[in-house]
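A short write-up of the structure that comes next.
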Amino acid sequence: LGLANKALRDKDFTTAVKYYSEAANLETDKNKSSDYMMQLAGIFSNQRNFARARQAAYDALEYNPNNGEAYILIGQLYASSANNIFPETEKAGLVYCAAVDKLQRARSVDPSVAAKANSLINSYSAGFLDTETAFMMGYKAGDSVHIPGWIGETTTVRLR
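Position in the sequence shown counted from 1, then plus 2, gives you this note's numbering.
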């Protein structure tokens, strides 16, 4: 772990990833392993490698299913990609729906992150489609919609 932290401080991300992965696999305390995977998720997020960041966050959840910070990070990753997923930028609001799914999950598995999750939910909800725009695109509240690209998940349409 010391080597992982040193590599991270030195901005040697390849080495840091290697050592954090090893530390997570060797650690007997599942909560610590989850924390190490979140360190990896943070590295990948900072590199804007969102798919790998999400996978590391999901790996953190394998060690600790109640790690609300992992779901929060996934929600933040989705939201930061909102304008780049669909060719039509007006559909970004659908991506915010997927982000809110993850934030609601964070809040349900880990009450200690509820305030942070609620704050982000309030922020991202402002990006939902309005009723008129949704209607013009053929969507209504409650519809299931697939979010393409690296997200590749289905969410429920929410409107503001």
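Just so you know, even glycine gets a beta-carbon here, dropped at the ideal spot from N, CA and C.
* Segment contact, 8 angstroms Cβ cut-off, at least three pairs: the segment 52-68 with the segment 91-101 -> no
* To do: Assuming Tyr73 and Lys104 form a contact by the criterion Cβ under 8 angstroms, report the distance between their Cβ atoms to the nearest whole angstrom.
  => 5 angstroms
* Asked: Shortest alpha-carbon distance to Asn86 belongs to which of Phe52, Leu75, Ala59?
  -> Phe52
* **Contact with chain C by Gly70, beta-carbon distance below 8 angstroms** => This model lacks chain C altogether; it includes just one protein chain.
* Asked: From what residue to what residue does the beta strand (DSSP E) around Asn146 run?
  -> The residue you asked about is not Asn; residue 146 is Ser in the sequence shown. That run of the beta strand (DSSP E) goes 146-149.
* To do: Measure the C-alpha to C-alpha separation of Asn7 and Gln41 and round it to an integer number of angstroms.
  => 10 angstroms
* To do: Helix, strand or coil for Thr30, going by three-state DSSP, please let me know.
  => coil
* How long is the line joining the alpha carbons of Val111 and Ala119, rounded to whole angstroms? -> 11 angstroms
* With which residues is Leu79 paired in a DSSP beta bridge? -> Answer by DSSP bridge pairing: none, since Leu79 is not bridged.
* **Whole-number beta carbon distance between Arg160 and Val102, since they are thought to touch under 8 angstroms** => 7 angstroms
* Status (buried if at least 16 other CB within 10 Å, exposed otherwise) for Glu71 -> buried
* So, Ala55 versus Ala43, is the Cβ gap smaller than 8 angstroms? -> yes
* **Minimum C-alpha distance to Lys20 - residue among Asn124, Ala58, Ala117, Leu79** => Ala58
* Continuous beta strand (DSSP E) stretch holding Thr158: start and end -> 155-158
* To do: Have a look at Ala84 and Leu75 and give me their C-alpha separation to the nearest angstrom.
  => 14 angstroms
* To do: Consult DSSP for Leu131 and reduce its assignment to one of helix, strand or coil.
  => strand
* Is Ala81 near Tyr141, with beta carbons less than 8 angstroms apart? -> no
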